[in-house]
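Here's what the structure looks like:
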């Protein structure tokens, strides 16, 4: 099964593929002089992308990461659906649709903290990002999502994974802090995981979003 990445998560995707005994394929991902993104599935990876289900590793942060992730998913979907028409006339232009099999692994989900409408007229950014990403995926794997409820309306199967046990072990061996402070209710579950490791006391604070305008003279 190929593990695919762009310009942002190449090292992580390569390590994941090596750990699982799979192949890592890096897409051509770069920026035009005006900073617009460009993504292409290289010719050498087309057969691999079509032959088996694909795991796409993509961090949706910062905004550049979101755009690159969307373009990667679109490019892989086109290749798997057999839509290879191009102006250069390279290779076959139409192949058989190989069906579903695109799974997105998100190590950091950008905008996940914007999961509620705090003030009138705000956009719920997390929900919008989810809808955009869900267009061409058949499964989603998310690491330590701030508010899992933002995915409740998603029809695509979702797998939540956490690095908190490993983080707790690292803190216990190398840091040994007196306590862990959870900044808001959304992070309390992570604090509980640390407490279950008999690592430290946990405290949490109730946060309220405020706005500040800073003027530099």
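Residue numbers (the working numbering): 553 to 769. For each residue, glycine too, the CB sits at the ideal point set by N, CA and C.
Residue i to residue j span [Cα, whole Å]
i	j	result
residue 608	residue 654	7 Å
residue 531	residue 574	Here the chain covers residues 553 to 769 and nothing more, so residue 531 does not appear.
residue 564	residue 693	14 Å
residue 582	residue 659	21 Å
residue 771	residue 643	With the chain running from 553 to 769 in the structure shown, residue 771 is simply not present.
residue 764	residue 715	For residue 764, the predicted model reports a pLDDT of 46, less than 50, meaning its position is unreliable; a value from the coordinates is still stated below. The straight-line gap from Cα to Cα measures roughly 33 Å.
residue 755	residue 732	For residue 755, the predicted model reports a pLDDT of 49, less than 50, meaning its position is unreliable; a value from the coordinates is still stated below. In a straight line, the C-alpha of residue 755 is about 6 Å away from that of residue 732.
residue 529	residue 577	Not covered by the structure: residue 529. The range shown for the chain is 553 to 769.
residue 729	residue 723	7 Å
residue 598	residue 670	44 Å
residue 768	residue 708	At residue 768, the pLDDT of 44 sits below 50, so the modelled position is not reliable and the matter cannot be decided from this model.
C-beta contact flag for residue i and residue j at 8 Å
i	j	result
residue 640	residue 558	no
residue 618	residue 662	yes
residue 695	residue 713	yes
residue 580	residue 594	yes
residue 645	residue 636	yes
residue 811	residue 620	The structure shown has nothing for residue 811, since the chain only spans 553 to 769.
residue 569	residue 591	no
residue 703	residue 682	yes
residue 687	residue 650	no
residue 656	residue 610	yes
Sheet register partners of residue i (DSSP bridge)
i	result
residue 576	555
residue 692	656, 710
residue 571	Partner(s): none; residue 571 has no beta bridge.
residue 661	Answer is none; residue 661 lacks a bridge partner.
residue 683	Beta-bridge pairing links residue 683 to no other residue.
residue 583	589
Residue i beta carbon near the ligand FMN (any heavy atom closer than 7 Å)
i	result
residue 628	The model on display carries no ligand, and the ligand FMN is accordingly not part of it.
Would the stretch 663–683 count as touching the stretch 630–639 if we require 3 or more Cβ pairs under 8 Å?
When C-beta atoms of the stretch 663–683 are compared with those of the stretch 630–639, fewer than three pairs fall below 8 Å, so the two segments do not count as touching.
Just to confirm the assignment: which complete beta strand (DSSP E) runs, minimum length 3, are found wholly within the stretch 587–654?
Inside the stretch 587–654, DSSP marks whole beta strand (DSSP E) runs of 3 or more residues at positions 589–592, 606–609, from first to last along the chain.
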